[in-house]
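Read the structure below first, then the notes.
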Amino acid sequence: MSEGSTRRQFIDRSMRVIGFAGIAGAAGLLSSRVSGDAVYQIDPFKCTSCDLCRTSCVLSLSAVKAVNDFAKCGYCMLCPAYMDVTSQPDEKGIPAGKICPQDALKRRIVGKVDEEDPNNNYYEYYVDEARCDGCGKCVKACLPPAGNGSLRLEIRYTYCVECNECAILVKCPDNAIVRVPAPGLTPAGSHREEANA
Ligand code: SF4
Ligand code: SF4
Ligand code: SF4
């Protein structure tokens, strides 16, 4: 796959994630904040989850949150991003420690439930954004080969106040903060149609 098409997919996916979060609300908020036609976002192909998103955002709880791409997630019982697989096991033999310092990565069983053997269940992992501070520990722990790489960091537009110059952009050692078309403001409107599909 070419670099160009990969970046195109990143921008398209950013718009889709905005759609999941409620594109109408996000677009309304943004249109009242941005003067241009673009917003800040994280390029997941450059981001190294260095922890500066947690400490550099002007907000006391960073606007950067982890998000899980369910299409890539393995729904594993033993998720290395959810539990510290090196920690002491509980009475059922499951590692008791968690990776997330904020207890922001949650899980729920989906599909048919096997009460006897948790190994037979599928778990959907999701982020409590009111707790997540964008530290990126779960993102790192999900990287292959341990995980599927389904977790990534994103600027969430319901929280971001669209600073004139993003304070994270100034600090980011990997130049991973980029400008992408603002939802609802792109001339062609194709992203919005995709997000609503
Ligand atoms: S500062 Fe840059 S590299 Fe570090 S977590 Fe944020 S976007 Fe990723
Ligand atoms: S980014 Fe940090 S705070 Fe957010 S869910 Fe992952 S480990 Fe928890
Ligand atoms: S633009 Fe401001 S509020 Fe938004 S992520 Fe950057 S520093 Fe945080």
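Everything in the sequence shown is counted per the working numbering, starting at 169 for the first residue and increasing by one. Virtual Cβ for every residue (Gly too), placed ideally from N, Cα, C.
| Query | Result |
| --- | --- |
| How many angstroms separate the CA atom of A350 from the CA atom of R222? | 23 Å |
| Measuring only the C-alpha atoms, how far is K233 from G261? | 31 Å |
| Assess, as a yes-or-no matter, whether the segment 209-226 is touched by the segment 283-295 under the definition of 3 or more beta carbon pairs within less than 8 Å. | no |
| Contact between the segment 227-242 and the segment 309-321: three or more CB pairs below 8 Å? | yes |
| Where DSSP assigns a beta bridge to V348, which residues make up the other side? | V207 |
| Using a Cβ-Cβ cut-off of 8 Å (strictly less than) and excluding sequence neighbours within five positions of P286, which residues of its own chain qualify? | M245, K260, I262 |
| Beta-carbon within less than 6 Å of A192's beta-carbon, same chain only, minus the 5 sequence neighbours each way: which residues are those? | At A192, the pLDDT of 36 sits below 50, so the modelled position is not reliable and the matter cannot be decided from this model. |
| Between the Cα of Y243 and the Cα atoms of I210, I345, R275, which residue gives the shortest distance? | R275 |
| May I ask which residues mark the beginning and end of the alpha helix (DSSP H) holding K274? | Segment 273-278 is the beta strand (DSSP E) holding K274; no alpha helix (DSSP H) there. |
| Got a sec? Which residues, its chain only, sit under 8 Å from V226 by beta carbon, not counting five neighbours each side? | V329, C331, A335 |
| Can you tell me which residues form a DSSP beta bridge with R320? | V235 |
| My understanding is that Q270 touches A264, with C-beta atoms under 8 Å, so please give their C-beta distance in whole angstroms. | Going by Cβ atoms, the distance from Q270 to A264 rounds to 17 Å, so no, they are not a contact pair. |
| Assuming K339 contacts S224 (C-beta within less than 8 Å), just tell me the rounded distance between them. | 4 Å |
| Would D258 pass as a contact of A344 if the rule is Cβ separation under 8 Å? | no |
| Compute the Euclidean distance between the alpha carbons of P248 and C241, then round it to the nearest angstrom. | 12 Å |
| Are I277 and Y250 touching if we call contact CB-CB under 8 Å? | no |
| What's the gap between the Cα of V253 and the Cα of K305? | 14 Å |
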